[in-house]
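Residue numbers (the numbering used here): 90 to 244.
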């Protein structure tokens, strides 16, 4: 009897541990993530936050696809630097947000490839991370450091 109880307890413990390790939930809000990146990463330009009601239009998204978001863009529009953090309204909306980011990167390519070709490195190698319904895009110089930070913030 003791052996059966021990095996059942061990199985319950393993199921609990497996469930904790595979979580797709992000504990921080988009504002917390974006603000932390803004505060700790180095940017050439002064980034300014977009008003919440402008974000969906800026990214050509339906308002209903976004539960929450925070976006910083280049204040002078002379660099491609940007921080965008979205929390999709549903798992289905994640694909729409990722497609909108693809379109945004295409638009930035058209804008900067002739205007400031040096910015193309940021656009062609962005930091893009999706976890659950949270989608992050960062255009910056130090992508390695930023990607590590984003992955840490999404834990």
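Backbone N, C-alpha and C define an ideal beta-carbon position, used for all residues, glycine too.
For clarity, every value in this text was computed on a predicted model and none was experimentally measured.
Does DSSP put residue 138 in a helix, in a strand, or in coil?
strand
From 158, 221, 217, 136, residue whose alpha carbon lies closest to that of residue 143:
158
With a threshold of 7 Å on Cβ separation, who are the neighbours of residue 183 within its own chain once the five nearest residues in sequence on each side are excluded?
177, 219, 222, 224
If I follow the unbroken beta strand (DSSP E) through residue 128, where does it start and stop?
Counting along the chain, residue 128 falls outside any beta strand (DSSP E), though it belongs to the alpha helix (DSSP H) covering 119-129.
Entirely enclosed beta strand (DSSP E) segments - the segment 184-233, minimum 3 residues:
216-220, 223-228
Would you call residue 199 buried or exposed, if buried means 16 or more other Cβ atoms sit within 10 Å of its Cβ?
exposed
Rounded separation between residue 234 and residue 121 - CA only
18 Å
Candidates 189, 137, 117: which alpha carbon is nearest residue 170's?
137
Answer with buried or exposed for residue 128, where buried requires no fewer than 16 other C-beta atoms within 10 angstroms of its C-beta.
exposed
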